[in-house]
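Numbering (the UniProt record's numbering), first residue to last: 1 to 355.
Ideal placement from N, C-alpha and C gives every residue a C-beta, glycine not left out.
These figures come from a predicted structure and were not determined experimentally.
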């Protein structure tokens with residue numbers, strides 16, 4: 001907020017100075033003093049060009065200060081192997097774009113000062129230069145092609161098929177909360193059908209599928225093990241949401257009717273991150289970064305990274321949804337077989353089989 005206030009104050013000051021000089025020029029013209037008006041115009045041009053140069057210097061200093069002050073907030077501690085690829089791509093792109101931005105802005109404001117209007121100056125006619133055209137076309141094209149290729153490679157790595165031993169977690173978004181499902185001891189998620197969704201069976205789990213009998217639904221926290229691949233299967237029940245894990249540098253949209261996924265390897269437990277940050281209250285978080293309605297702010301879910309043995313102990317303590325809701329399962333056994341699957345169900349089941 002302080003940075004914004006300082007920036008707005010500087011901008012307001014420059015606007016006021018500019019208006020004062022413009023008012024002086026107009027007053028001279030209305031008084032009919034053409035010679036004075038010409039002199040004022042020359043003065044105004046010089047002052048405006050100097051103000052632009054001053055804006056460049058002050059703005060550059062303010063930007064550098066703001067950047068350094070916000071460094072820790074912009075760079076959240078990294079806690080995944082895949083995040084290293086994302087950070088590397090991000091900062092490579094930022095450095096290249098940043099260098100080009102600084103050069104173009106310095107030249108823009110410097111030229112405004114150097115080539116300010118003067119009566120004794122005449123423009124130089126420079127019609128064409130094939131070599132110059134080739135240089136400033138090819139260099140950006142090559143640099144952009146390299147950045148696009150690097151981005152495609154990183155994206156392919158993140159969204160590639162997960163290892164066979166990956167921990168599978170299904171994440172489903174709905175207005176306005178996340179729902180989470182784990183496979184039980186069999187390591188397989190049961191089939192889901194949108195036609196089976198109700199107030200209790202929010203995932204629409206088909207309990208005629210033997211794999212569904214031990215599924216764990218909506219634990220209080222989302223637990224994952226350190227050092228092991230974790231596969232998130234993502235879908236949405238209503239509108240577009242977006243799964244975002246900032247410390248793992250992972251983000252993927254949850255799209256109705258189109259299952260998505262990503263996998264990553266956590267590298268720091270929650271306890272290790274608490275020690276690193278010096279914050280005993282630190283918690284990883286899964287948030288929604290797609291504005292999905294009035295309750296968007298509430299879509300947060302605590303993520304806990306455990307050591308492998310702690311994760312296995314936590315998982316063993318969780319109770320299956322079927323054992324906690326026998327009435328739902330019993331009711332389903334008499335009615336679910338009569339409800340047809342939708343196209344979305346087929347897509348979900350197909351993706352489940354593939355992964």
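Check                                                                                                               : Outcome
Contacting residues, own chain, Cβ-Cβ under 6 Å from residue 231 (five flanking each side not counted)              : 162, 166, 168, 263
First through last residue of the alpha helix (DSSP H) which encompasses residue 74                                 : 71–74
Rounded C-alpha distance that separates residue 217 from residue 99                                                 : 49 Å
Residue 250, enclosing beta strand (DSSP E) - first and last residue                                                : 250–254
Identity of the residue in 283, 108, 212 nearest residue 321 by Cα                                                  : 212
Residue 186 classed as buried or exposed, judged by whether at least 16 other C-beta atoms fall within 10 angstroms : exposed
Unbroken stretches of the beta strand (DSSP E), 3 residues or longer, contained in the stretch 203–236              : 222–225, 230–236
In chain order, each beta strand (DSSP E) run of at least 3 residues that lies wholly inside the stretch 263–327    : 284–288, 300–306
Straight-line gap, residue 222 to residue 139 (C-alpha atoms, nearest Å)                                            : 47 Å
Rounded separation between residue 137 and residue 249 - CA only                                                    : 33 Å
Bridge partners - residue 84, DSSP secondary structure assignment                                                   : In DSSP, residue 84 forms no bridge with anything.
Presumed contact (8 Å Cβ cut-off) between residue 128 and residue 265, rounded CB distance                          : About 54 Å separates the two Cβ atoms, so there is no contact after all.
Proximity of residue 180 and residue 171 at Cβ, strictly below 7 Å                                                  : yes
8 Å CB neighbourhood of residue 299 in its chain, flanking five on each side removed                                : 173, 176, 177, 178, 241, 287, 288, 292
6 Å CB neighbourhood of residue 251 in its chain, flanking five on each side removed                                : 244
Under 7 Å between C-beta atoms of residue 117 and residue 48                                                        : no
Collapsed DSSP secondary structure at residue 201 in the structure displayed                                        : coil
Distance, residue 210 Cα to residue 309 Cα                                                                          : 27 Å
Buried/exposed call for residue 235, threshold 16 Cβ in 10 Å                                                        : buried
Collapsed DSSP secondary structure at residue 176 in the structure displayed                                        : coil
Proximity to residue 295 [Cα-Cα], best of 272, 193, 278, 239                                                        : 239
Nearest-angstrom Cβ-Cβ length linking residue 419 and residue 304, presumed shorter than 8 Å                        : The chain is shown from 1 up to 355; residue 419 falls before or after that span and cannot be answered.
Identity of the residue in 112, 318, 156 nearest residue 261 by Cα                                                  : 156
Beta-carbon proximity list for residue 344, same chain, < 6 Å, skipping 5 on both sides                             : With a pLDDT of only 45 at residue 344, under the threshold of 50, the placement of this residue in the model should not be trusted, and no figure is reported.
Test item: CB-CB of residue 76 and residue 280 under 7 Å                                                            : no
Beta-carbon proximity check, residue 51 vs residue 112, cutoff 7 Å                                                  : no
Backbone secondary structure at residue 241 - three-state DSSP                                                      : strand
Burial state of residue 12, where buried means 16 or more other Cβ atoms lie within 10 Å                            : exposed
Assigned exposure category for residue 220 - 16 Cβ within 10 Å defines buried                                       : exposed
Which residues DSSP lists as bridging residue 170, in chain order                                                   : 181, 233
Residue burial classification, residue 259 (beta-carbon count within 10 angstroms, cutoff 16)                       : buried
Beta-carbon spacing of residue 154, residue 85 below 7 Å                                                            : yes
Cβ pair residue 356, residue 89 closer than 7 Å                                                                     : Absent from the model: residue 356. The displayed extent of the chain is 1 to 355, so no value can be given.
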